[in-house]
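Undergrad: Following this note's numbering, the numbering of the sequence shown begins with 3 at its first residue and continues without gaps. A virtual CB, placed ideally from N, CA and C, is assigned to each residue, including glycine. Since the structure is predicted, the reported quantities are computational estimates derived from the model, not experimental observations.
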Amino acid sequence: MAEKQATREAYGKALIALGAENPNIVVLDADLSKSTKTAEFAKTYPERFLNMGIAEQNMMGTAAGLATSGKIPFASTFAVFATGRAFEQIRNSIAYPKLNVKIAATHAGITVGEDGATHQAIEDVAIMRALPNMTVLVPADGVETRQAIFAAAKHQGPVYIRMGRLELPVLFDKNYHFEIGKANILRKGRDAAIVANGVMVAIAMEAAEALAQEGISVTVVNAASVKPFDRETLTLVAKEVKAVVTAEEHTVIGGLGSAVAEVLAEEWPLPLVRVGLQDTFGESGRPYELLEKYGLTKERLVEAVKQALSKAGS
C-alpha cells in the first residue's frame, strides 16, 4: 500500500523544522492546535506560540502586528474560519499593506467529511485569489506541503496555504522541488491535459492511467501555485493537446478552473471542462463518499476528458 499523509500533518512537522532554522517564526492558532497540528510547535517553542482563542479576526490582526516587528507569523485555523470570519482583517490589515503573514488553513474542502457544509470551505481559494498581493498555494501531498511551508516562509508578503484533513497518497520524493509560481508536469500526453491540485492530483494520475488503457494519452499538471499562476507552462501544455480538464476540491467558480480558463482564453483557446463542486455546498458524510457524490473521482475525470475531446472534434 502506498504511503499516505494528511497535508495538515506535514504542516505540523514542517513548522517544527522551520522553527529550529529561523527564530523569527511564530505561530498563532485559534484554539484548534490539535486539529491544525500546531500543538507540537507549541510544545517545542512555547515562547513563540500564541493561542488566540476562538477569535480569528483578532488572530489575523495580531499576526499583522507581529509581521511589522520583523516576525514571520503563521496564523492557523480551519479554512472556513480563516477566509470567512476574518476576511476583512486579512484584506485590510494583511493584504493591503502587504505584510509578511502566512495564513496556514487546514480542513479545507469537502473531505473534512462529517463536520458538514458549515465547516467545508469550498470557496476559500476564490476569496484569497481575488486579493491583491496574496499568494495562494494548494499542495498535493505531504512532501509538497513541507516545501510549500518553507517557500512561504522565505517569500516576502502574504501567503495563503490550503491544507486538508484527509490522508493523501505521497506522490513526490526527496528529489521533488516546489517553487511558488511554477506548475509541475507529472505525466506527458498528446491528446488532453488534466490540471489539478490538492486532493485531486492523485486522482488525476489514476484517471490518466485508466485513459491510457483506452488509448487516450493525457498530460497531468500539478498546479499547486494557484496565484501566481504558471501561465507559461499551461500555454506550452495547451499547444501540445486538443483539450483541457481542471480538477479541484473547490467550487468551479473562482478557483483553479477559473485561473486555467482565464489563461486559455487569453493565450491559447481550447475546449475546457471544469471538474469541481458545481455551485453547491457540501454536506455531512464520509470523505470518499462525498468525493463520489460530488463527482471528484477518477471515473468523472475520465468522462470529463472524453467530453472535452468531443468538443474538440476528437
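Kindly confirm or deny that the segment 98 to 110 and the segment 229 to 248 touch, where touching means at least three C-beta pairs closer than 8 Å.
TA: Counting Cβ pairs under 8 Å, fewer than three are found: no touch.
Undergrad: Restricting to runs no shorter than 4 residues, where is the alpha helix (DSSP H) found entirely within the segment 91 to 151?
TA: Listed in chain order, they are 126 to 131.
Undergrad: When you compare the segment 188 to 195 with the segment 150 to 157, are there three or more beta-carbon pairs, one atom per stretch, that lie closer than 8 Å?
TA: Contact fails: fewer than three Cβ-Cβ distances are below 8 Å.
Undergrad: Between residue 29 and residue 76, is the Cβ-Cβ spacing less than 7 Å?
TA: As a position in the sequence shown, residue 29 is number 27, starting the count at 1. As a position in the sequence shown, residue 76 is number 74, starting the count at 1. Contact flag set, yes.
Undergrad: In three-state DSSP terms, what is residue 223?
TA: What you label residue 223 is simply residue 221 of the sequence shown in a count that begins at 1. Reduced to three states, the DSSP call for residue 223 is strand.
Undergrad: Would you identify the three-state DSSP class for residue 296, choosing helix, strand or coil?
TA: Against the sequence shown, residue 296 aligns to sequence position 294. Note: residue 296 maps to coil in three-state DSSP.
Undergrad: Between residue 210 and the rest of its own chain, which residues show a CB-CB distance below 6 Å, the 5 nearest in sequence each way excluded?
TA: Residue numbering aside, residue 210 sits at position 208 when the sequence shown is read from its first letter. Correct list, in chain order: 189, 220 and 222.
Undergrad: Under 7 Å between the Cβ atoms of residue 93 and residue 58?
TA: Here residue 93 refers to the residue found at position 91 when the sequence shown is read from its first residue. Here residue 58 refers to the residue found at position 56 when the sequence shown is read from its first residue. No, the pair does not count as a contact, with Cβ atoms beyond the cut-off.
Undergrad: Between the segment 66 to 86 and the segment 14 to 34, are three or more C-beta pairs nearer than 8 Å?
TA: Flag = yes, the segment 66 to 86 and the segment 14 to 34 touch.
Undergrad: What first and last residue would you give for the alpha helix (DSSP H) that runs through residue 13?
TA: In the sequence shown, the residue the question calls residue 13 occupies position 11. Unbroken alpha helix (DSSP H) run through residue 13: 9 to 23.
Undergrad: Just checking, does the segment 260 to 276 make contact with the segment 241 to 252 on the three C-beta pairs under 8 Å criterion?
TA: Contact between the segment 260 to 276 and the segment 241 to 252 is present, because at least three Cβ pairs lie under 8 Å.
Undergrad: Going by the CB atoms, is the gap between residue 85 and residue 201 shorter than 7 Å?
TA: Within the sequence shown, numbered from 1, the residue matching residue 201 stands at position 199. Within the sequence shown, numbered from 1, the residue matching residue 85 stands at position 83. No.
Undergrad: Leaving out five residues on either side along the sequence, give the residues of the same chain with a beta carbon under 7 Å from the beta carbon of residue 135.
TA: Numbered from 1 along the sequence shown, position 133 holds the residue referred to as residue 135. So the qualifying residues of the chain are 97, 100, 159 and 160.
Undergrad: At what residues does the beta strand (DSSP E) containing residue 163 begin and finish?
TA: Sequence index remark: in the sequence shown, residue 163 carries index 161 (1-based). Run containing residue 163: 161 to 164, per the beta strand (DSSP E) assignment.
Undergrad: Going by beta carbon distance, what residues of the same chain come within less than 6 Å of residue 265, once the five residues before and after it are set aside?
TA: In the sequence shown, the residue the question calls residue 265 occupies position 263. Cβ neighbours of residue 265 beyond the five flanking positions: 233 and 236.
Undergrad: Excluding five sequence neighbours on each side, which residues of the same chain lie with their C-beta closer than 7 Å to the C-beta of residue 253?
TA: The sequence position of residue 253 within the sequence shown is 251, counting from 1. Cβ neighbours of residue 253 beyond the five flanking positions: 124, 125, 128, 278, 279 and 281.
Undergrad: When we look at the beta-carbon of residue 56 and count the other beta-carbons within 10 Å, is it buried (16 or more) or exposed?
TA: Counted from its first residue, the sequence shown places residue 56 at position 54. Burial call: exposed.
Undergrad: In three-state DSSP terms, what is residue 259?
TA: As a first step, residue 259 is located in the sequence shown; it is residue number 257 there, counting from the start. Here residue 259 sits in helix by DSSP.
Undergrad: Taking only three categories from DSSP, how would you classify residue 86?
TA: What you label residue 86 is simply residue 84 of the sequence shown in a count that begins at 1. Correct three-state label for residue 86: helix.
Undergrad: By Cβ distance, which residues of its chain are closer than 8 Å to residue 7, with the 5 residues on each side in sequence left out?
TA: On the sequence shown, position 5 is the one that residue 7 refers to. Closer than 8 Å at Cβ, skipping near neighbours: 143, 144, 169, 170 and 172.
Undergrad: Quick one, which of 305, 105 and 268 has its alpha-carbon nearest residue 216's?
TA: Within the sequence shown, residue 216 is the residue found at index 214, counting from 1. When only C-alpha atoms are compared, the closest one is 305.
Undergrad: What is the DSSP secondary structure of residue 251, reduced to helix, strand or coil?
TA: Taking the first residue of the sequence shown as position 1, residue 251 is located at position 249. Three-state result, residue 251: strand.
Undergrad: Please classify residue 3: does DSSP put it in a helix, a strand, or coil?
TA: What you label residue 3 is simply residue 1 of the sequence shown in a count that begins at 1. In this predicted model, residue 3 has a pLDDT of only 49, less than 50, meaning its place in the structure is not dependable enough to derive any value.
Undergrad: If you count every other CB in all the chains shown that lies within 10 Å of the CB of residue 19, and 16 or more means buried, which is it?
TA: The residue labelled residue 19 in the question sits at position 17 within the sequence shown. So residue 19 counts as exposed.
Undergrad: Taking the alpha helix (DSSP H) that residue 60 falls in, what are its first and last residues?
TA: Within the sequence shown, residue 60 is the residue found at index 58, counting from 1. Counting along the chain, the alpha helix (DSSP H) containing residue 60 begins and ends at 58 to 70.
Undergrad: Return the residue from the list 263, 298 and 138 that minimises the CA-CA distance to residue 226.
TA: To locate residue 226, count along the sequence shown from 1; it is residue 224. Closest by alpha carbon: 138.
Undergrad: Could you work out which residue in 68, 177, 43 and 121 is closest to residue 95 when comparing CA atoms only?
TA: Position 93 of the sequence shown, counting from 1, holds the residue named residue 95. The option with the nearest alpha carbon to residue 95 is 68.
Undergrad: Counting only the same chain and skipping the five closest in sequence on each side, list residues whose C-beta sits under 6 Å from that of residue 3.
TA: As a first step, residue 3 is located in the sequence shown; it is residue number 1 there, counting from the start. Any reading at residue 3 must be qualified, since the residue scores a pLDDT of 49, below 50, and its modelled position is unreliable; the value itself is stated next. Result list for residue 3: empty, nothing under 6 Å.
Undergrad: Does the distance from the CB of residue 243 to the CB of residue 194 come in under 7 Å?
TA: The residue you call residue 243 lines up with position 241 of the sequence shown. The residue you call residue 194 lines up with position 192 of the sequence shown. Yes. Within cutoff.
Undergrad: Tell me whether the beta-carbon of residue 150 lies closer than 7 Å to the beta-carbon of residue 180.
TA: As a position in the sequence shown, residue 150 is number 148, starting the count at 1. As a position in the sequence shown, residue 180 is number 178, starting the count at 1. A contact, by the Cβ cut-off of 7 Å.
Undergrad: Would you give the residue range spanned by the alpha helix (DSSP H) that residue 43 belongs to?
TA: Mapped onto the sequence shown, residue 43 falls at position 41. 41 to 46 is the span of the alpha helix (DSSP H), which, as asked, contains residue 43.
Undergrad: In terms of alpha-carbon separation, which member of 132, 295 and 309 lies closest to residue 256?
TA: Against the sequence shown, residue 256 aligns to sequence position 254. Per the Cα distances, 132.
Undergrad: Would the beta-carbon of residue 165 fall within 7 Å of that of residue 9?
TA: For the purposes of this step, residue 165 is taken as residue 163 along the sequence shown, with counting starting at 1. For the purposes of this step, residue 9 is taken as residue 7 along the sequence shown, with counting starting at 1. Yes, they are a contact pair.
Undergrad: Do you know how far the Cα of residue 294 is from the Cα of residue 119?
TA: For the purposes of this step, residue 119 is taken as residue 117 along the sequence shown, with counting starting at 1. For the purposes of this step, residue 294 is taken as residue 292 along the sequence shown, with counting starting at 1. So the alpha carbons of these two residues sit roughly 16 Å apart.
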